[in-house]
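Have a look at the structure below, then the notes.
Protein chains: 2
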Amino acid sequence: MRLSTKGRYAVTAMLDLALNGKNGPVTLAEISENQGISLSYLEQLFAALRNKDLVRGVRGPGGGYYLGKSADEISIANIICAVDEWVEFTRCGGRQNCSGGARCLTHTLWDDLSSEIFNFLADISLGDLVRRNLGKKEEEDSPLSVVGDSNSQAA
Amino acid sequence: MRLSTKGRYAVTAMLDLALNGKNGPVTLAEISENQGISLSYLEQLFAALRNKDLVRGVRGPGGGYYLGKSADEISIANIICAVDEWVEFTRCGGRQNCSGGARCLTHTLWDDLSSEIFNFLADISLGDLVRRNLGKKEEEDSPLSVVGDSNSQAA
DNA sequence: CTAAATACCAAGTGATTTACTAGGTAATAC
DNA sequence: GTATTACCTAGTAAATCACTTGGTATTTAG
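Residue numbers (the working numbering), protein chains in the order written: chain A, 165 to 319; chain B, 165 to 319.
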């Protein structure tokens, strides 16, 4: 699993689309304005998202983008994998002199960890994030946050 | 949370160190040989790890590296944060015209998600991975894997 | 005391990625 | 028909990646 700023841009843009696309398509110009991402960069990201059927574009005036499927069917892992091409880390494709050595021991461990992270992100859907956000908007000061307090201990 | 190949190199190297460092220090030359990582690149990674007290170096013949603390006290998040400098994603540092707009809504959501991923990795220690690996070595074909089958569905 | 082994350090490098700009073409609503 | 939108291609400065080169500092073995 590769998790870079590019993936964050994509997740952020998709979140914006999910939040604002309730009635009618959302233009990339709006997302660009909302999220402060350059229009052309968004076009590149959405080309990748379109290839994976995560979004659907409509041309012409009044056009824009819809989600390609329901927000509940789109996981964060889907989004990140669409724009951040998966790169194979281990050089030994199972074969080679690597098998059996101490080298593949850690490779296997890393692969397991990698799967765990992937599954973690695959379990969170765009719909989850939207509901989470709406809940926050309405309760505002209710201490019932699903995601924990998240006072940026991730720094 | 930034998760790139650089972080994987660091985690892999630390895993190698934890597995082979039971008696006496492990040299970077050994890790380089075991894991197929260039010696000088390892030196750079270990410089960062040393700064965070995750490893301790011993010079001279018979020298090498020890873990800076017990494997149970070192989380995967610790390792990745040591080598992959944390980059702030949102441009609005809380202030600015951003607050209140639809922009910060998704920013907040991303921050929450980011925290979740961080906490997830902060909950896995090097010691966990080592025990996981030893378990696998001894049971080999027992279907009691802690991490699931992980037949690379993360691809 | 000397030589070898190791950590430690600094500079540079080609390849790739990032986020962007520029300059289009294609389809559609009005 | 014209404006608006998606869609496409090429290029680019800056950063990052993984590595090479060429050292210096410290410690052990002999």
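Beta carbons: idealized from backbone N, C-alpha and C, even for Gly. Treat the numbers as computed from the prediction; the structure is a model and nothing was measured.
Would you identify the three-state DSSP class for G221 of chain A, choosing helix, strand or coil?
Translated into the one-based positions of the first sequence, residue 221 of chain A becomes position 57. Strand at G221 of chain A.
In chain B, which residues lie with their C-beta within 7 Å of the C-beta of N297 of chain A?
To locate residue 297 of chain A, count along the first sequence from 1; it is residue 133. Those within 7 Å of N297 of chain A in chain B are L269 and L273.
So is V222 of chain A buried or exposed if we call it buried at 16+ other beta carbons inside 10 Å?
Here residue 222 of chain A refers to the residue found at position 58 of the first sequence. By the 10 Å Cβ count, V222 of chain A comes out exposed.
Let me check understanding here. Comparing Cα to Cα, which of B:S279, B:D180 and B:S202 lies closest to W274 of chain A?
As a first step, residue 274 of chain A must be located in the first sequence, where it is residue number 110. For the residues B:S279, B:D180 and B:S202, the minimum Cα distance to W274 of chain A belongs to B:D180.
Please identify, using Cβ separations under 8 Å, the residues of the region 175 to 194 of chain A that lie next to chain B, in order along the chain.
Cβ contacts with chain B come from V175, T176, L179, D180, L183 and N184.
With a threshold of 9 Å between beta carbons, is I240 of chain A in contact with chain B?
The sequence position of residue 240 of chain A within the first sequence is 76, counting from 1. Chain B, which has a Cβ nearer than 9 Å to the Cβ of I240 of chain A, makes this yes.
For Q199 of chain B, would you say it is in contact with chain A, using Cβ-to-Cβ distances shorter than 9 Å as the test?
Walking along the second sequence from the start, residue 199 of chain B turns up at place 35. Cβ-Cβ to chain A under 9 Å: yes for Q199 of chain B.
Output needed for M165 of chain B: all residues of its chain with C-beta closer than 6 Å, excluding positions within five of it in sequence on either side, in chain order.
As a working mapping, residue 165 of chain B is identified with position 1 in the second sequence. Contacts found: S278, I281 and F282.
With G171 of chain A as the anchor, note down where its alpha helix (DSSP H) starts and where it stops.
In the first sequence, residue 171 of chain A corresponds to position 7, counting from 1. Here the alpha helix (DSSP H) through G171 of chain A covers T169 to N184.
Any idea what DSSP makes of G291 of chain B, helix, strand or coil?
Translated into the one-based positions of the second sequence, residue 291 of chain B becomes position 127. Reduced to three states, the DSSP call for G291 of chain B is helix.
Within 10 Å of its beta-carbon, does L203 of chain A have 16 or more other beta-carbons around it, so buried, or fewer, so exposed?
On the first sequence, position 39 is the one that residue 203 of chain A refers to. Classification of L203 of chain A: exposed, given that the 10 Å Cβ count is below 16.
Would you verify that the beta carbon of I243 of chain A is, or is not, closer than 9 Å to some beta carbon of chain B?
As a first step, residue 243 of chain A must be located in the first sequence, where it is residue number 79. Not an interface residue.
Could you tell me how far apart the beta carbons of L167 of chain A and L167 of chain B are, in whole angstroms, since I believe they sit closer than 8 Å?
For the purposes of this step, residue 167 of chain A is taken as residue 3 along the first sequence, with counting starting at 1. For the purposes of this step, residue 167 of chain B is taken as residue 3 along the second sequence, with counting starting at 1. Indeed, because the Cβ distance is near 4 Å, the residues count as touching under 8 Å.
Measure the alpha-carbon distance for A246 of chain A versus T169 of chain A and round it to whole angstroms.
Residue numbering aside, residue 246 of chain A sits at position 82 when the first sequence is read from its first letter. Residue numbering aside, residue 169 of chain A sits at position 5 when the first sequence is read from its first letter. Roughly 14 Å between the two C-alpha positions.
What residues in its chain sit with their C-beta under 6 Å from that of K216 of chain B, if we drop five residues either side in the sequence?
As a first step, residue 216 of chain B must be located in the second sequence, where it is residue number 52. If we look at K216 of chain B and ignore the five residues flanking it on each side, its Cβ neighbours are A246.
Quick one: residues in its chain with C-beta nearer than 7 Å to the C-beta of I119 of chain B, no 5 flanking neighbours on either side, listed in chain order?
Residue 119 of chain B is absent from the structure shown; chain B starts at 165 and stops at 319.
Using 9 Å as the limit for Cβ to Cβ distance, is L167 of chain B near chain A?
Against the second sequence, residue 167 of chain B aligns to sequence position 3. Residue contact with chain A for L167 of chain B: present (Cβ-Cβ distance below 9 Å to some residue of chain A).
I'd like the span of the alpha helix (DSSP H) that includes R214 of chain A, first residue to last.
Taking the first sequence and counting its residues from 1, the one referred to as residue 214 of chain A is at position 50. L203 to N215 is the extent of the alpha helix (DSSP H) around R214 of chain A.
Tell me which same chain residues have a C-beta within less than 7 Å of the C-beta of R214 of chain A, skipping the five on either side of it?
Taking the first sequence and counting its residues from 1, the one referred to as residue 214 of chain A is at position 50. By the criterion of a C-beta distance shorter than 7 Å, R214 of chain A is surrounded in its chain by G221, once the five residues flanking it on both sides are discounted.
Which residues in the same chain as A321 of chain B place their Cβ atom closer than 8 Å to its Cβ, once the five residues preceding and following it in sequence are excluded?
This structure does not reach residue 321 of chain B, given that chain B is present from 165 up to 319, and the question cannot be answered.
CA-CA distance, G171 of chain B and K233 of chain B?
Here residue 171 of chain B corresponds to residue number 7 of the second sequence, with the count starting at 1. Here residue 233 of chain B corresponds to residue number 69 of the second sequence, with the count starting at 1. Distance between the alpha carbons of G171 of chain B and K233 of chain B: 19 Å.
Any idea what DSSP makes of S239 of chain A, helix, strand or coil?
As a position in the first sequence, residue 239 of chain A is number 75, starting the count at 1. DSSP places S239 of chain A in strand when its eight states are reduced to three.
Quickly, what does DSSP pair L231 of chain B with across the bridge? List them, please.
The residue labelled residue 231 of chain B in the question sits at position 67 within the second sequence. DSSP, once it has assigned bridges, lists B:V219 as partnering L231 of chain B.
With 16 as the cutoff for other CB atoms within 10 Å, does D276 of chain B come out buried or exposed?
In the second sequence, residue 276 of chain B corresponds to position 112, counting from 1. Buried is the call here.
Under 9 Å between the Cβ atoms of G226 of chain B and G188 of chain B?
Numbered from its first residue, the second sequence carries residue 226 of chain B at position 62. Numbered from its first residue, the second sequence carries residue 188 of chain B at position 24. Result yes, Cβ atoms of G226 of chain B and G188 of chain B sit closer than 9 Å.
Within the 9 Å Cβ cut-off, does E280 of chain B reach chain A?
The residue given as residue 280 of chain B occupies position 116 in the second sequence. It does; some Cβ of chain A falls within 9 Å.
Can the beta-carbon of M178 of chain A be found closer than 9 Å to that of L298 of chain A?
For the purposes of this step, residue 178 of chain A is taken as residue 14 along the first sequence, with counting starting at 1. For the purposes of this step, residue 298 of chain A is taken as residue 134 along the first sequence, with counting starting at 1. No. Outside cutoff.
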